[in-house]
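Visitor: Letter 310 of the sequence shown, counting from 1, is numbered 1291 in this note's numbering, and no numbers are missing.
We put the beta carbon where it would ideally sit given N, CA and C, even for glycine.
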Amino acid sequence: MNGTYGPAGTTASDAGPPGLPVAGGRETLREVWRLSRGYRLRLAATGVLGIVSTGVDLIVSVAIGYLVDRVQDGTADLATVLTVTAAMVLSAVLGAAGTALTIVLATRVYHSILAALREELVGHAMALPQHHVERFGTGDLISRSSDDVTAVADAAPAVIPVLTVTAFTIVVSLGGLAALEWPYAAAFAVVLPVYVLAVRWYLRIGLGVYRAERTAMSARAQQILESQRGYATVLGFGIAEQRHRAVMTNSWRVARQSLRARTVLSMLNARLNVGECLSLAAVLVVGFVLIDHNASTVGGATTAMLLVLRLLGPVNQLLLVIDTLQSALASLSRMIGVVTIPISPADVPAQTANTGVRLDEVTFRYSDGPRVLDDITLDIPPGQRVAVVGVSGAGKTTLAGVVAGTHLPQAGKVTRPGRTAMITQEVHVFAGTVRDNLTLAAPGAADHDLHAALEATGAAPILDVLPDGLDTPIGVGGHPLTDAQAQQLALAHLLLTDADLVILDEATAEAGSAHAAQLDRAADAVLTGRTAVVVAHRLSQAATCDRIMVMEHGRIIETGTHGELVDAGGVYAGLWTAWEAGR
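Take a look at the structure:
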């Protein structure tokens, strides 16, 4: 294998972009132990049942050895053979039943803990400040909440039975060897370091390789996601070939990391084969010496060989699924890496008891770029509707994000109400019925509340064209909605939230001028009586607000009512003149 592996198992040439943190081994174990808090008694009972089941199953090996000795000394008769055979059958049946029950109980605990982790992952990801997601990219987060969750869940059918049987078989078989004749256990113990060193080598190298593979998958997902989301931009600038090459580069990185993982597994296989040969040879040699010195019988040596073979069987089975186990562990550490991201109080804007908004000397930049907001100070009294206007790139959308709390400023203080709702120009329709989409905002809302919200925002006619009204499936795979209908539904959804502060970031701009007046009326119904910040695409919408702020290069350069700004003859007056001329 080429390349020098670092802590994450990647080479310098294959290192992808920095992503969300990955939990270390101890941190992963600590979080899994915490999540298992309500299942520890069940885990203990499962362990006891597994040890007992494996012990009962070992009666078969002991019985075969006993029969060998009886045959050798000539004391075996039909009754002895039938009795021993019956005992073997009974122990095999009871052992198999106990082992099956152990696997079922272990799998149930596994999936219960995984379900709790999945819920924490989604909940914590949704609570992450926007700047965390923007810094690392949404592709990594999506990969962890989908690919990694799937990898851990899919590992259960293959890994849990093998791990359960292997763990208890090793413990009981070693105990059986020691109880039979201690030299047999000593012979196996001498070879045990071969297995220990092989597994330690694999854990040191393999986990890093699988993490690198998952990281490469995240980078590929990010490239594909960015290309899909920016499809219009990709076509508009003619960079489809460039984006295609970027996806191909990341795909080959995934292929290289996958090949490394398979290579590491093959090298582990070779080491374990050496251990298997040495184990059998050691027990055979010890058995020969003990029998030669009358310290053991042929039946005892037979039992010892069967116990060793019983040990090697589960170990070989573990080999078949160890790559799945390592992949699952790598995915588990990535999932827990998200759960353990600290969210400090500084990540959450201060909340006021009233519905006002205040920004004190706020400065914001994306990563290490230039300032997008430069020393912004503003005060919006409760119930006031403020429009933000300016040319493209002035910082309007960033200001809306800071007020909403999705962006954390590098300097200054933001104070806003506790109940805040925001709609951007790209609204999302969830897969489900119309009722499902609306009740996301108000789970206890009755149908008459939903109809009232749709009526207030002018969206009631939508139900007339839907075959099943509120029960019509929409979103992915459902009844298609126009852009204007989707925005009306989003405004009705917002109306049901009963938010103190409403932020509209060009929320009525996407549907085009054909539905402008209709959407403006819907927005007016939503904003009535609420504190509002409106990033206005159309100046006719800004003109209806209580106050207008004009932005330029990240600063507020003008503020006042529509009439005051027009009379002042400044930047806004020029924008208004151009707007009027173009209507």
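Quick check on the DSSP output: the alpha helix (DSSP H) that includes I1324 runs from which residue to which?
Guide: I1324 -> no alpha helix (DSSP H), and no H or E assigned at all.
Visitor: Using DSSP bridges, identify the partner residues of L1354.
Guide: Answer is F1345.
Visitor: My understanding is that D1341 touches T1358, with C-beta atoms under 8 Å, so please give their C-beta distance in whole angstroms.
Guide: Indeed they touch by this definition, with Cβ atoms about 6 Å apart.
Visitor: Identify which residue in T1542, A1422, I1404 and V1296 has its Cα closest to the Cα of P1142.
Guide: Here the closest residue by C-alpha is V1296.
Visitor: CB I1032 to CB V1190, shorter than 8 Å?
Guide: In this structure, V1190 does not lie closer than 8 Å to I1032 by Cβ.
Visitor: Just the Cα atoms here: how many angstroms apart are A1422 and T1478?
Guide: For A1422 and T1478, the distance between alpha carbons rounds to 5 Å.
Visitor: Tell me the rounded alpha-carbon separation between A1368 and R1528.
Guide: Near 6 Å, if we compare the C-alpha coordinates of R1528 and A1368.
Visitor: Pop quiz: L1482 and V1515 are said to be a contact at Cβ under 8 Å. What is the actual Cβ separation, rounded to whole angstroms?
Guide: Incorrect: roughly 12 Å between the Cβ atoms, too far for contact.
Visitor: Please state whether DSSP places V1130 in a helix, a strand or coil.
Guide: Reduced to three states, the DSSP call for V1130 is helix.
Visitor: Take every Cβ of the region 1035-1048, pair it with every Cβ of the region 1273-1291, and state whether three or more of those distances are shorter than 8 Å.
Guide: With the cut-off at 8 Å, the region 1035-1048 and the region 1273-1291 touch.
Visitor: Which value, in whole angstroms, describes the spacing of the CA atoms of V1579 and H1388?
Guide: There is simply no residue 1579 to check, as the chain begins at 982 and stops at 1564 in what is shown.
Visitor: What residue range is occupied by the uninterrupted beta strand (DSSP E) comprising V1370?
Guide: Here the beta strand (DSSP E) through V1370 covers R1366 to V1370.
Visitor: Pick out whichever of D1355, E1545, A1087 and R1125 has its Cα sitting closest to the Cα of L1102.
Guide: Measuring from the Cα of L1102, the nearest candidate turns out to be R1125.
Visitor: Tell whether a beta-carbon distance below 8 Å holds between V1383 and F1345.
Guide: Closer than 8 Å, so yes.
Visitor: Since I believe R1291 is in contact with S1034 (beta carbons under 8 Å), could you give me their beta-carbon distance rounded to a whole number of angstroms?
Guide: The Cβ separation is near 13 Å, so there is no contact.
Visitor: I need the DSSP call for E1436, collapsed to helix, strand or coil.
Guide: DSSP places E1436 in helix when its eight states are reduced to three.
Visitor: Cα separation between G1268 and G1055?
Guide: Their backbone Cα atoms lie some 21 Å apart in a straight line.
Visitor: Please check the pair A1004 and S1232, which I expect to be a contact at CB under 8 Å, by giving their CB distance rounded to whole angstroms.
Guide: Not quite, the Cβ-Cβ distance comes to about 27 Å (not below 8 Å), so this is no contact.
Visitor: Would you kindly work out how many angstroms separate the C-alpha atoms of Y1347 and T1230, rounded to a whole number?
Guide: The alpha-carbon atoms of Y1347 and T1230 are separated by roughly 27 Å.
Visitor: Based on Cα-Cα distance, which residue from G1156, V1415, V1531 and L1082 lies nearest to P1454?
Guide: Of the listed residues, the one whose Cα sits closest to P1454 is V1415.
Visitor: Quick one: is P1398 buried, meaning 16 or more other Cβ sit within 10 Å of its Cβ, or exposed?
Guide: Classification for P1398: buried.
Visitor: Could you name the residues of the same chain whose beta carbon sits closer than 6 Å to that of A1506, not counting the 5 residues immediately before and after it, in chain order?
Guide: Excluding sequence neighbours, A1506 sits near A1437 and T1438.
Visitor: Can you give the beta carbon distance from D1129 to M1403, rounded, assuming they're within the 8 Å contact cut?
Guide: That pair is no contact at about 29 Å.
Visitor: Please go through the same chain and pick out, in chain order, the residues whose beta-carbon is closer than 8 Å to the beta-carbon of G1565, but skip the five residues on each side of it.
Guide: With the chain covering 982 to 1564 only, the question about residue 1565 has no answer from this structure.
Visitor: DSSP on C1408, reduced to helix/strand/coil?
Guide: Inspection of the sequence shows that residue 1408 is occupied by Val rather than by Cys. Three-state result, V1408: coil.
Visitor: Name the residue from L1451, Q1466, P1002 and V1338 whose alpha carbon lies nearest to the alpha carbon of R1400.
Guide: Out of L1451, Q1466, P1002 and V1338, V1338 has the C-alpha closest to the C-alpha of R1400.
Visitor: Ends of the beta strand (DSSP E) at T1525?
Guide: Premise fails: T1525 is in no beta strand (DSSP E) and is neither H nor E.
Visitor: Work out the CA separation of G1456 and A1412 for me, nearest whole Å.
Guide: Computed Cα separation, rounded: 4 Å.
Visitor: What residue from T1145, L1098 and V1146 has the CA that sits closest to T1131's CA?
Guide: Nearest C-alpha to T1131: L1098.
Visitor: Would you mind giving the Cβ-Cβ distance between H1543 and A1524, rounded to the nearest angstrom? I have them listed as a contact below 8 Å.
Guide: Indeed, because the Cβ distance is near 4 Å, the residues count as touching under 8 Å.
Visitor: With C-beta atoms as the reference, is A1263 less than 8 Å away from F1149?
Guide: No.
Visitor: Taking the C-alpha atoms as reference points, what is the distance between V1552 and G1541?
Guide: In a straight line, the C-alpha of V1552 is about 12 Å away from that of G1541.
Visitor: Would A1426 and H1432 be called neighbours here (beta carbons separated by less than 8 Å)?
Guide: No; because the gap between Cβ atoms is not below 8 Å, this pair is not in contact.
Visitor: Give me, in chain order, the residues of the same chain whose beta-carbon lies closer than 7 Å to that of A1044; leave out the 5 immediate sequence neighbours on both sides.
Guide: For A1044, where only same-chain residues beyond five positions count, the Cβ hits under 7 Å are V1065, A1068 and M1069.
Visitor: Would DSSP call D1486 helix, strand or coil?
Guide: Strand, per DSSP.
Visitor: Have a look at A1492 and A1554 and give me their C-alpha separation to the nearest angstrom.
Guide: Because the pLDDT of A1492 is 49, which lies under 50, any placement of that residue in the model is unreliable, and the number read from its coordinates should be weighed accordingly. When rounded, the distance between both Cα atoms is 26 Å.
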